[in-house]
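Note that the sequence shown covers residues 0 to 619 in numbering that gives the first Met the number 0.
To keep things clear, I will list the structure first and then write my remarks on it.
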Amino acid sequence: MVTTIKDIFASAYENHQKNKLKIAKGLYEEVLKIDPNHFESIFLLGTLCAQSKSFEEARQLLYKATQINPNFADAHNNLGNVLKELQDNEKAMISYKKSIEVQPNFAPAHNNIGTLFLEMNERQKAISFFQKAVELQPNFIEALNNLGSVLEQSHPEKAIKYYEQAIQINPNYAETHYNFGNMLREIGEHQKAINSYEKAISLKSDHAKAYNNLLFTMLHSEKYNTNLYLSKTKNFRSSLQPVNDNLLLKYQFINKPQKLKIGFVSGDFRQHPVGYFLFDMLKHLKNKNLELIAYSNSSEKDDLSTKLKSCFANWYEISNQGDKEAINQIRKDGIHILIDLSGHSAKNRLPIFINKPAPIQVTWMGYLASTGVPEIDYIIGDPYVTPIENKNYYTEKILSMPNIWNCFSVPEFEVKINELPAIKNQYITFGCFNNLRKINDKVIILWSQILGKIPKSKIFLKNKSLDSEFIKKLIIDKFKKNKINPDSVILEGGSSRRKLLDTYNKVDIVLDPFPYSGGTTSFESTWMSTPTLTKKGLQFISKSTESINHNLGMSDWIANDENDYVLKAIKFSENIKQLSEIKKSLRNKALKSSLFDATLFAEQFKDAMWKIWNNFHEKN
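Here you go:
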């Protein structure tokens with residue numbers, strides 16, 4: 000019996016629909032051996048190759064499809080998708096526009112143009128194309144989801160509407176639940192965000208970003224539970240599959256190196272807290288017996304990324320590399336110790352670490368909790384944030400720095416410290432400049448108690464999320480619910496870093512949130528001579544400010560519990576003379592401490608790296 004092209008194609012299409020991609024690919028190729036210009040097979044094989052992430056092959060096939068049938072909108076659109084994956088956004092835009100030219104009412108192309116404009120940070124153009132896509136196709140889930148995502152910061156109330164609409168149309172679309180979770184997290188609705196992430200994972204078990212954000216959000220929740228958190232990290236790890244080791248280079252290094260090769264993996268080598276912490280230390284490590292290599296998971300560049308780049312012997316951009324390619328580069332470089340600077344935060348590359356591209360792997364700085372990844376050997380802490388009795392909170396071994404787990408870089412610009420604002424105001428201004436996801440309902444209840452007990456006192460919150468009038472109202476309503484007059488709550492949106500630091504001149508006492516305490520903000524407030532009242536915590540995330548205050552010799556600014564937190568806030572607010580003296584002296588005191596001593600920290604860091612290497616070498 001002779002099998003016709005029609006029969007082979009029908010079988011290929013059937014297998015393609017059943018996601019039997021390997022079989023379908025072979026059958027499409029069989030058709031093309033008989034008829035090299037069989038349009039449907041060329042188009043669908045190109046689409047299949049894109050599904051299989053064989054983008055270069057997909058590009059060639061889909062380009063050919065557009066040449067054979069230039070009036071087929073889907074071919075232009077799919078070619079645009081492939082070109083976007085290949086980082087050729089200019090040509091992708093041409094393909095999408097050609098799709099619309101051929102078929103003006105083709106909603107997917109409008110949506111895709113929107114995503115390109117969003118990547119270009121042209122948000123208004125993105126919104127207009129997403130809206131057009133929804134206008135053309137009201138039940139277009141992807142476009143509704145994109146509208147929600149792009150409107151989160153500027154119009155969160157509209158974003159909520161679009162997310163809810165998308166979920167109503169299709170409650171089984173994981174991306175909407177994921178994005179909705181992101182928004183809920185940013186406005187401090189932790190439990191609702193957790194529920195959204197859990198839903199996304201239930202629909203897509205390998206949704207790594209949903210796992211990452213679930214874990215990160217759990218750390219912010221007032222219901223945080225260490226055992227539950229660690230169990231979720233195990234679920235995350237089980238969702239990842241190592242790259243086939245046969246395809247990877249093996250470790251390449253001598254047993255007793257003159258210099259240790261230290262690799263740093265991060266998407267935050269820029270104007271970001273990680274960048275601020277790293278810069279001064281890296282400058283002092285350049286002349287040590289270490290060779291520093293950066294693996295940057297971001298294409299973003301600014302003045303600080305340029306300065307950071309000069310601190311490394313080599314700098315690799317890995318944001319456009321797959322895991323296998325990045326792993327091979329790390330092994331080719333002969334890295335002795337590989338340091339993760341992201342944990343489960345944005346732009347992490349934890350899948351690289353599960354493949355053990357370096358013999359020793361460490362997590363540090365960007366995520367103040369266990370990664371739960373057993374292939375990561377150490378977490379860097381200090382005697383205060385990671386006391387040895389808390390070792391069961393981590394899957395990693397604790398590598399404790401002698402003084403503090405981190406060292407902050409002094410800002411490269413001067414910001415004058417003014418006199419204590421309470422002297423002029425005749426009332427106490429409390430402040431907190433942390434992001435809103437740290438300010439949960441329990442924190443607001445406690446702060447409201449403080450404001451209620453101290454006459455005329457105010458609280459100053461500053462965060463980029465507060466650019467939104469909708470979010471401002473949410474915060475005001477939460478304080479009103481706790482019987483606090485809105486006039487007692489000062490809300491201010493984002494600003495330049497210089498202005499942010501200067502704003503501490505309007506604050507007498509910083510109130511630390513919990514369970515996730517301030518990190519960068521606590522260092523910055525200290526540099527601006529504004530003391531931070533914190534509360535003892537159980538785990539790393541709750542103890543960062545505690546460590547700062549210990550290193551400053553200000554342990555009296557660490558409350559034992561919630562009741563003590565309120566009592567200390569009252570006590571310190573009543574002693575204007577003491578607060579004034581702190582305002583005059585705290586910066587100088589901090590600069591003489593370990594908090595800003597980059598020379599000391601660099602030396603301690605170098606010693607710590609050699610210590611864990613020598614321990615490894617002795618055992619192997």
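Ideal Cβ positions, reconstructed from N, Cα and C, are used throughout, including at glycine.
query                                                                                                                                                                               : result
Please report the distance separating the alpha-carbon of LYS177 from that of LEU349.                                                                                               : Reading off the sequence shown, one finds Tyr at residue 177, where the question assumed Lys. Computed Cα separation, rounded: 19 Å.
If you count every other CB in all the chains shown that lies within 10 Å of the CB of ALA368, and 16 or more means buried, which is it?                                            : buried
Report the rounded CA-to-CA distance for TRP612 versus ILE336, giving the unit in angstroms.                                                                                        : 8 Å
Who pairs with ASN391 in a beta bridge, going by DSSP?                                                                                                                              : Answer is none; ASN391 lacks a bridge partner.
Once you ignore the five residues that flank ILE569 on each side, which residues in its own chain have a CB closer than 8 Å to its CB?                                              : ILE449, LYS452 and ILE453
Rounded C-beta distance between SER408 and PHE276? I'm assuming under 8 Å.                                                                                                          : 7 Å
Does DSSP put TYR275 in a helix, a strand or coil?                                                                                                                                  : helix
Under three-state DSSP, which class holds LYS457?                                                                                                                                   : strand
Whose C-beta lies closer than 6 Å to the C-beta of SER295 among residues of the same chain, with five residues either side of it excluded?                                          : PHE268 and GLU316
Tell me where the beta strand (DSSP E) around PHE429 begins and ends.                                                                                                               : 428 to 431
Runs of 3 residues minimum, wholly inside the stretch 503 to 589: which ones carry the beta strand (DSSP E) assignment?                                                             : 508 to 510 and 531 to 534
For GLY517, which residues in the same chain have their Cβ closer than 6 Å to its Cβ, ignoring the five residues on either side in sequence?                                        : ASN433, ASP511 and THR544
Is there contact between the stretch 467 to 487 and the stretch 391 to 398, where contact requires at least three CB pairs shorter than 8 Å?                                        : no
Note down, in chain order, each residue of its chain lying with its Cβ closer than 7 Å to the Cβ of LYS355, except the 5 sequence neighbours on either side.                        : GLU374
Can you list, in chain order, the residues of its chain whose CB lies under 7 Å from that of ASN145, leaving out five sequence neighbours each side?                                : ASN110, GLY113, THR114 and PHE129
Pair every Cβ in the stretch 519 to 532 with every Cβ in the stretch 540 to 560, then say whether three or more of these pairs are closer than 8 Å.                                 : yes
Tell me the rounded alpha-carbon separation between PRO241 and PRO358.                                                                                                              : 16 Å
Buried or exposed for LEU227, going by 16 or more other Cβ atoms inside 10 Å?                                                                                                       : exposed
In this structure, does DSSP put GLU418 in helix, strand or coil?                                                                                                                   : coil
Can you give me the Cβ contacts of LYS610 inside the same chain, cut-off strictly under 6 Å, excluding the 5 residues immediately before and after it?                              : none
Is LYS655 buried or exposed, if buried means 16 or more other CB atoms sit within 10 Å of its CB?                                                                                   : In the structure as shown, the chain begins at 0 and stops at 619. Residue 655 is therefore absent and cannot be evaluated.
What's the C-alpha gap between VAL384 and ILE540?                                                                                                                                   : 8 Å
Kindly list the residues whose CB is nearer than 6 Å to the CB of PRO485, restricted to its own chain and excluding five residues on each side of it in sequence; keep chain order. : ILE475
Using DSSP with H/G/I as helix, E/B as strand and the rest coil, what is SER127?                                                                                                    : helix
Name, in chain order, the residues that DSSP records as bridge partners for GLU290.                                                                                                 : LYS260
Starting from the Cα of VAL149, find the closest Cα among SER204, MET119 and TRP446 and give me that residue.                                                                       : MET119
Could you check what DSSP says for ILE378 in three-state terms: helix, strand or coil?                                                                                              : strand
If you measure between the beta carbons of ILE378 and ARG586, is that distance less than 8 Å?                                                                                       : no
Is ALA173 near LYS203, with beta carbons less than 8 Å apart?                                                                                                                       : yes
What three-state label does DSSP hand THR362 in the structure shown?                                                                                                                : strand
Would you report the Cα separation of ARG122 and LYS131, rounded to the nearest angstrom?                                                                                           : 14 Å
Could you check where the beta strand (DSSP E) with SER399 kicks off and where it finishes?                                                                                         : 396 to 399
In whole angstroms, what is the alpha-carbon distance linking LYS260 and ASN313?                                                                                                    : 11 Å
Could you check whether GLY180 and SER201 sit closer than 8 Å to each other, using their CB atoms as the reference points?                                                          : no
Taking its Cβ as the centre, do 16 or more other Cβ atoms sit within 10 Å of GLY493, making it buried, or is it exposed?                                                            : exposed
When the Cα of PHE600 is compared with those of LYS32, ARG184 and LEU284, which residue comes out closest?                                                                          : LEU284
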